[in-house]
Structure formats: structure tokens, C-alpha cells
Amino acid sequence: MKIVVISECKPREMIVINKILQFQPRAVVVQPSFSKKKKKRGVEVLAKRMLAKLRHRALKRKMAVTGEESGAILNKVTFDAKLLNSPEGIEFIRRLSPDLLITCRAPLLGHEITQIPKLATINIHYGIAPEYRGNDTLFWALYQKDYGQVGGTIHHISQGVDTGNILARVYPALGPDDDETSVDIKTSQLLADTLYKYLEKIVQARQPIPGIIQQGKGKNYRAADRTPGKSLEMIFRNLLGNSSIPSQNQKVETYFKEESISIFA
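Mapping the sequence shown onto UniProt numbering, position 68 (from 1) lands on 68, and the numbers just tick up by one.
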């Protein structure tokens, strides 16, 4: 099965990509490239940039401790993110001739690209859809202490933001010692393991797996919604012990057959 992955290949997402490469070592990973713009200035912009760098470093440190360091990618190509949905980008993906296209932290894809794969175009979303769609959705569930909705979703890509049919929802085990970084990694690991099971299923089925239709719209969070103030509030809540996460068990819901649901621990 020909698999194409589109991802920025950040530390968190590499956990998922490494699992895909375990399944199909010759999968092609397309990394969108972004042209360097003149950096905006201002206290809020600088604070947001600094907090993002600190979070990136925390993820890399934690991943090294847990043994989730990035592996080698055999077939990796870069492509201008601005051109991805252009005729040039569409032709580029078409030439790769994917059976399955997987996005994991990637630009939104246009309808023409999503229709190229023979089996499916799916997204790995770090949030429970439809309740938490868009950006920073693990953060928002933690920030709002909505711990029952902390997790990730594997879903088909439709024309909305994180609105396609759901193939799986994963809810990591949580405890008082968890924070955003540890939840990021736990969710990534669970998404990766569940995606591997999906890949096994779709190879056996040799046809698209429809999943289930999302019920409700939830909320679509924008990147701008997460201000430095909210990020700092979360950090101080953790430092002061005011955001102790209640313990809950890991749960995975799969919708690999339209008529059935399986839950495994």
C-alpha cells in the first residue's frame, strides 16, 4: 500500500510518523516549507514566540526520556506550503499515486487533493472532535478542566475544519502529575498505536472504511485564541497545584466498521 504523509514533522507528530514508517518504511513524507516573513514585533508576539520555543524544548526533553526520539525518514521531500493546493501541488501529489494520504499537523487541503488517494485521506487531530476542533485543542480541554474530553481523533478529511467522519477517538490515561507536555506525548503514542491498527484493517479490507458521521459542531479554536496570558495562566496553575488532573483510565474507541464500535484499554 502506497502511503503519503503530509506533516511539519514537529517532535510531537514524529511519534505518529515513526509508527507509520514501522508499518510502511517506504512511505513518502512531504514536509511543507514556509517562506520566512519579516517577523512581527511587539510584547505579545515576542512572548508567544518565546513560550512556543519553551514548549518545543520541553517536548524534546520529555521525548528523549521516554525513548520517543525521532527516527530516520527514508523518503522525505519538502514542498512549498503556499503551493500545496495549487495545480502544481495537486499534480505533485497525483504523481506520488497514494492509496492513503495522512495529514498530521499540515496545511488544510483542498478538495482536489483529498480525492486523489484510492482509499482515503485522513487526519490525525490532537483533540476530541467535534467538541474541540482547530488549533491547540489539547490545551483548551486542559485549560477548561474538561478532562473527559482530553484526547485525539483520527478522521476523514472533509471541506470543514476537523469535521470528517470519525475513525477513532483516543483518551490517554491521566493523573495528578500530568501537564500539557506529558498529555501531548501520551496522546501521540495512543494515536500512533491506534493508527497502526487502522492501517492493518484497511490493508485487510482493501476498500475505504467509512467511520461514523460527527454529531454536532463543537467549537473551532483559532491559533490566535491561545494568548500568552492564557498559556502563562496554565503554567502558574500547574506550579501552584491548582490544576491537579484527576486520574482516569486510558480509553480508545474505534469505528473501523460502520456498524460496530470496539473499545480496548
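Even for Gly, the Cβ is constructed at its ideal location relative to N, Cα and C. Owing to the predicted nature of the structure, the values given are computational and were not obtained by experimental measurement.
{"Item": "With 16 other Cβ atoms within 10 Å as the buried cut-off, status of K48", "Value": "buried"}
{"Item": "The region 136–148 touching the region 87–104, judged by at least three CB pairs closer than 8 Å", "Value": "no"}
{"Item": "Continuous beta strand (DSSP E) assignments of at least 3 residues falling wholly in the region 100–149", "Value": "100–104, 120–125, 132–134"}
{"Item": "Of the listed residues S231, D162, T254, nearest to E200 (C-alpha basis)", "Value": "T254"}
{"Item": "Residues bridged to P32 (per DSSP)", "Value": "F79"}
{"Item": "Buried or exposed by the 16-neighbour rule on C-beta atoms within 10 Å, applied to A223", "Value": "exposed"}
{"Item": "E200 - DSSP class collapsed to helix/strand/coil", "Value": "helix"}
{"Item": "Classification of N246 by the beta-carbon crowding that lies within 10 angstroms, buried from 16 upward", "Value": "What sits at residue 246 in the sequence shown is Pro, not Asn. Exposed, since its Cβ has fewer than 16 Cβ neighbours within 10 Å."}
{"Item": "C-beta contact flag for residue 309 and I90 at 7 Å", "Value": "Because the chain is modelled from 1 through 265, residue 309 falls outside the range shown and cannot be assessed."}
{"Item": "Between the CA atoms of V252 and Q24 - distance to the nearest angstrom", "Value": "23 Å"}
{"Item": "Alpha helix (DSSP H) segment containing N18, residue limits", "Value": "11–23"}
{"Item": "Cβ pair count under 8 Å reaching 3, the region 177–186 against the region 155–164", "Value": "no"}
{"Item": "Q248 in three-state terms, based on DSSP", "Value": "strand"}
{"Item": "Buried or exposed (CB count within 10 angstroms, at least 16 for buried), I20", "Value": "buried"}
{"Item": "Three-state secondary structure (DSSP) of K2", "Value": "coil"}
{"Item": "Closest Cα partner of A27 within the set L84, V16, P107", "Value": "V16"}
{"Item": "Q214, buried or exposed, once every other Cβ within 10 Å from all chains shown has been counted against 16", "Value": "buried"}
{"Item": "Nearest residue (CA-CA) to I212, options A168, V183, L195", "Value": "A168"}
{"Item": "Buried versus exposed call for G218 [16 or more other C-beta atoms within 10 Å across all chains shown]", "Value": "buried"}
{"Item": "Boundaries (first-last residue) of the beta strand (DSSP E) holding L167", "Value": "166–171"}
{"Item": "3-residue-minimum beta strand (DSSP E) runs that sit fully inside the region 216–247, ordered along the chain", "Value": "219–221"}
{"Item": "Other residues of its chain near T187: CB distance less than 8 Å, five sequence neighbours each side excluded", "Value": "Y126, L138, V150, G151, G152, V170, P172"}
{"Item": "Where E253 sits in the DSSP three-state scheme", "Value": "strand"}
{"Item": "Reference M14; option with closest CA among E88, D193, K230", "Value": "D193"}
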